[in-house]
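In the working numbering, the protein residues as written are 686 to 1685.
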């Protein structure tokens, strides 16, 4: 089934930029046409009802019942045309909307000021990037898609108008009211991005509103508090400030908002542009030939209310040529003033009618010709679709701007050569920024909380410590968009950065205003993330390490950094991380079932806890910890904790060494191993090949309990093998307070060589899964590498990968409190095992076995597996040739399902840990302690499952008998199928709808 869905996906193409929808027919089937409807409504309206249609009042869903009743009174008694919602919540707003619509004679139109989505005003909703951040995007298709999604969310809760986009050109860094609300300082980019945003909304049923005409960008006064002055000439205004508005007019923007500005070049009277006929009528209506809706900016703002009284303001705004009077200070006074003006002839009724007709025409286009009701059920879920969260995440990533990069340091490549530290300025310990740095390399972290940002002593202390590292990554947080004081960056921070850069390499990421970059011109490796959000904190570390690319460009100039600056980098194919499974083609609702399965496994005591990681297309979309270290529940598992991965060590360790030697020509897979281990000359084991050992068909027994030979008949340690303290003769640490004699490795080797072999069947050894073969492979590897295998793997694989939590003998680096315990071993080691390998054979080897011994968390083990999925390539480095990966991971013979070292899916559906949906190309391995790694090249899918199911006893087989690992992987595969099916169905529905629209 999954192959069918995959094939279907390949036949579909989703364009990044959706073409405009066909225009709405003038007369929908069964409905009177627009002109007739407008005429009929106009004939039915009194003068006061017409005036009421001009009013759009403020509404809040976080206020009390009295507020709602006041709104209902305005709807019934003054017939207001609409409301604009501000603070509150989506469900509460929808309930109030339904009450107001029920009270309305003519359906209300509902507006919101949601420049970055509903989250700008409402709790429990999504916020998209600010427009300044979007100004850094090179591809405006993302902005169009954002507009589309915001339209869907607005219409879902009954909103018809969004007062966005802002198309003011922010060419004044001191602007206190526009700033991050602008797309930037380049008029062409502002216009193009504004048009993309407007089209995205309008082509999906939401009226867009270009603001703030004729341009609010070049001022240092906030019109909420006073009347800003724009002193420029008509020529300057025409060629710069007005340019985006003219482009949006040509692009069909349905409405505009007029700002409260004083522009002497347009109207020499000290009159706000909102109230200026030369601006609204002569310039916008006549010279620019704009025939769309005109909204005033809020009429309670001091930019107008400080100069004129209530009622007078609304009349003047109407006389200037505006259609909709937004946020009137007093509806009764406004209606009375306008009504009196009509009666006195100061306002022609035909002019009033023209405004009302324009409003009614827009309402018709919105479908507001019949009673309206918002469906309450499902609002929260509908407003949080994964596709919405995915776009937000991607926009923030695409906006990341690499401003300066001396010596092409970024993205970091040879991370094993660096000793790294990080400093968070303005954010406490344990933040996402530092946590995500830890996903890629080993860091020492320092933090300066926002209350300490001026603490010179603390800066000096951190300077002394951090400067000892070869590279320091600094994040600047808790910033301000106000130029004074210094956009929130204290002088102490600047001094600290300059001093630190004199001593070591420094990478600085600014999580705030790009204007702040002017203070950081001397920083050699400089990043602008524009905002401090979970998405940016998670994205910057990924870009630093090349998991994602830097692609953004500065939307404004700052000091020597000109707008348009932005160094584009290439991905290094390291794992990236997403909070949205749909970004990797998995269905998040179905995938969430793994949480239930993991909890069920814990509840039935199949395991105390564990970790699960799922990645697809190189993107980790599920990375969680479950349960506790033990059934007593005192220590919750985290994703940083290490697990004994048991036989997964075979493929995560020994197998790589063998493949390396194979590529270097040091071994031949078909040559008898006596060539590499001459001591096997004359022994039947010397005649088997590496190929046979990897396929577990070398005639070796499954296992031999050699540890029993080192105990007395009453089960005590024989002194010739073990003592409870370290010495020159007892240097091999087997477990806590248990040291083996230095001759034990020789004894083990002798016992393996002398062990009885299986009998051949039809001239060939049968398949028997055996640890002994990997013991011999380790012996071969160490002899040819001329160094211990653990050291070789650390230097040549784990450290370059950044897998610093993947290792043998973990207690040498980490405390036991970070390592999950395994078995309470009463027979051999007489202790609870924590930090020491569970496998007795590997323990007798000092913790480094060819078949067992590795510890890891899911994240670092995934790096090894992703390297295999990427055909031997990871992080900008090639570890193996593609043909080597293909050879070793392929099924070798008909008599066994296995690859060379790897396990492969069986022919039957039921098996203890492999999903029934795994493709024939997939491969992986399991471990006795309750672990699994599985890679599926057919779907570029990776699963890592870690547990300590052997705690406190290995006799607990519930994880195996209940097929927990298989069930979990089944859910992962099914989530892939479900998403593929939904994706294909959605595309077919879109194509069908477009076809039907064209036929109409």
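From the three backbone atoms N, C-alpha and C, an ideal C-beta is built for every residue, glycine too.
Do the stretch 1627-1643 and the stretch 1532-1550 touch if we need at least three Cβ pairs shorter than 8 Å?
yes
Within 10 angstroms of the Cβ of residue 1524, are there 16 or more other Cβ atoms? Answer buried if so, exposed if not.
Taking the first residue of the chain shown as position 1, residue 1524 is located at position 839. The residue in question, residue 1524, is buried, as its Cβ has 16 or more Cβ neighbours within 10 Å.
For residue 1301, which beta-bridge partners are listed by DSSP?
The count along the chain shown starts at 1 and reaches residue 1301 at position 616. DSSP lists 1304, 1626 as the beta-bridge partner residues of residue 1301.
Run through the DSSP bridge pairs and tell me what residue 845 is partnered with.
The residue you call residue 845 lines up with position 160 of the chain shown. According to DSSP, which records beta bridges pairwise, residue 845 is partnered with nothing at all.
Counting only runs of 3+ residues fully inside the stretch 1462-1549, write out the beta strand (DSSP E) ranges in chain order.
The stretch 1462-1549 contains these whole beta strand (DSSP E) runs: 1539-1541.
Please list, in chain order, all residues of the same chain as residue 1368 whose beta carbon is under 7 Å from its beta carbon, the five residues on each side excluded.
To locate residue 1368, count along the chain shown from 1; it is residue 683. Excluding sequence neighbours, residue 1368 sits near 1438.
Across which residues does DSSP place residue 1213 in a beta bridge pair?
As a working note, residue 1213 is residue 528 in the chain shown. Answer by DSSP bridge pairing, in chain order: 1086, 1195.
Does the contact criterion of 3 or more C-beta pairs under 8 Å hold for the stretch 781-792 versus the stretch 1052-1062?
yes
Where DSSP assigns a beta bridge to residue 1610, which residues make up the other side?
Position 925 of the chain shown holds residue 1610. 1618, per the DSSP bridge assignment.
Can you name, in chain order, every residue of its own chain whose Cβ lies under 8 Å from the Cβ of residue 1591, other than the five neighbours on each side?
Working through the chain shown from its first residue, we reach residue 1591 at position 906. Closer than 8 Å at Cβ, skipping near neighbours: 1582, 1599.
Between residue 1121 and residue 912, what straight-line distance do the alpha-carbon atoms span, to the nearest angstrom?
Your numbering for residue 1121 matches position 436 in the chain shown. Your numbering for residue 912 matches position 227 in the chain shown. Straight-line Cα distance between these residues: approximately 46 Å.
With distance defined between alpha-carbon atoms, name the residue in 969, 1003, 955, 1005 nearest to residue 988.
Along the chain shown, read from residue 1 onward, the residue named residue 988 stands at position 303. That would be 955, whose Cα lies nearest to the Cα of residue 988.
Roughly how many whole angstroms lie between the Cα atoms of residue 1078 and residue 1119?
Along the chain shown, one-based indexing puts residue 1078 at 393. Along the chain shown, one-based indexing puts residue 1119 at 434. Their Cα atoms are separated by approximately 18 Å.
Find the nearest neighbour of residue 868 within the set 1567, 938, 900, judged by alpha-carbon distance.
The residue given as residue 868 occupies position 183 in the chain shown. For the residues 1567, 938, 900, the minimum Cα distance to residue 868 belongs to 900.
Look at the alpha carbon of residue 1624 and the alpha carbon of residue 1601, and state the distance between them as a whole number of angstroms.
Working through the chain shown from its first residue, we reach residue 1624 at position 939. Working through the chain shown from its first residue, we reach residue 1601 at position 916. Distance between the alpha carbons of residue 1624 and residue 1601: 14 Å.
Determine the DSSP secondary structure at residue 1453, reduced to helix, strand or coil.
Locating residue 1453 in the chain shown gives position 768, where the first residue counts as 1. The answer is coil: DSSP assigns residue 1453 none of H, G, I, E or B.
Using the C-alpha atoms, what's the distance from residue 1611 back to residue 1442?
The residue labelled residue 1442 in the question sits at position 757 within the chain shown. The residue labelled residue 1611 in the question sits at position 926 within the chain shown. Each residue's Cα considered, the two are about 25 Å apart.
Does the distance from the C-beta atom of residue 1395 to that of residue 1408 stay below 7 Å?
Counting from 1 along the chain shown, the entry for residue 1395 is found at position 710. Counting from 1 along the chain shown, the entry for residue 1408 is found at position 723. In this structure, residue 1408 does not lie closer than 7 Å to residue 1395 by Cβ.
So residue 1000 is in the beta strand (DSSP E); what residue range does that whole segment cover?
For the purposes of this step, residue 1000 is taken as the residue at position 315 of the chain shown. Per DSSP, residue 1000 belongs to no beta strand (DSSP E); it is in the alpha helix (DSSP H), 997-1005.
Does residue 1396 come out as helix, strand or coil in the three-state DSSP assignment?
Position 711 of the chain shown, counted from the start, is the residue given in the question as residue 1396. The answer is strand: DSSP assigns residue 1396 an E or B state.
Taking residue 1164 as the reference, give the member of 1210, 1189, 1215 with the closest Cα.
Working through the chain shown from its first residue, we reach residue 1164 at position 479. The candidate whose alpha carbon is nearest that of residue 1164 is 1215.
Check the DSSP bridge columns for residue 742 and list the partner residues they point to.
As a working note, residue 742 is residue 57 in the chain shown. Partner(s): 768.
I'd like to confirm the pairing. Which residues does DSSP put opposite residue 1190 in its beta bridges?
Walking along the chain shown from the start, residue 1190 turns up at place 505. Answer is 1156.
When DSSP labels each residue in this structure, what does residue 1665 get in the three-state scheme?
Residue mapping note: residue 1665 aligns to position 980 of the chain shown, counting from 1. Helix.
By Cβ distance below 6 Å, which residues in the same chain neighbour residue 1309 in space, the five residues on each side in sequence not counted?
For the purposes of this step, residue 1309 is taken as the residue at position 624 of the chain shown. Same-chain partners within the cutoff: 1297.
Output the boundary residues of the alpha helix (DSSP H) element that contains residue 643.
The displayed coordinates of the chain run from 686 to 1685. Any statement about residue 643 would go beyond what the structure contains.
Should residue 884 and residue 829 be called a contact, given that it needs their Cβ atoms to be closer than 7 Å?
What you label residue 884 is simply residue 199 of the chain shown in a count that begins at 1. What you label residue 829 is simply residue 144 of the chain shown in a count that begins at 1. Yes. Within cutoff.
Which partner residues does residue 649 have in the DSSP bridge list?
With the chain running from 686 to 1685 in the structure shown, residue 649 is simply not present.
What are the boundary residues of the alpha helix (DSSP H) that includes residue 763?
If you number the chain shown from 1, residue 763 lands on position 78. It spans 750-763 - the alpha helix (DSSP H) in which residue 763 sits, taken as one unbroken run.
In this structure, how does DSSP classify residue 781 when only helix, strand and coil are distinguished?
Walking along the chain shown from the start, residue 781 turns up at place 96. If DSSP states are grouped into helix, strand and coil, residue 781 belongs with the helices.
So, at 6 Å on beta carbons, what are the nonlocal neighbours of residue 977 in its own chain, with the 5 sequence-adjacent residues on each side left out?
Start at 1 with the first residue of the chain shown, and residue 977 comes out as number 292. Here the set comprises 939, 940.
Sorry if obvious, but does the Cβ on residue 1039 come closer than 6 Å to a heavy atom of the ligand SAM?
Because no ligand of any kind appears in the structure shown, any question about the ligand SAM cannot be addressed here.
Put residue 1321 into one of helix, strand or coil per three-state DSSP.
By one-based count along the chain shown, residue 1321 stands at place 636. DSSP places residue 1321 in strand when its eight states are reduced to three.
Expressed to the nearest angstrom, what Euclidean distance is found between the alpha-carbon atoms of residue 1569 and residue 1347?
Working through the chain shown from its first residue, we reach residue 1569 at position 884. Working through the chain shown from its first residue, we reach residue 1347 at position 662. The alpha-carbon atoms of residue 1569 and residue 1347 are separated by roughly 8 Å.
Take residue 1637 as the anchor and find which of 1507, 1104, 1527 has the nearest alpha-carbon.
If you number the chain shown from 1, residue 1637 lands on position 952. The residue with the shortest Cα to Cα distance from residue 1637 is 1507.
Should residue 1113 be labelled buried (16 or more other beta-carbon atoms within 10 Å of its own) or exposed?
Start at 1 with the first residue of the chain shown, and residue 1113 comes out as number 428. So residue 1113 counts as exposed.
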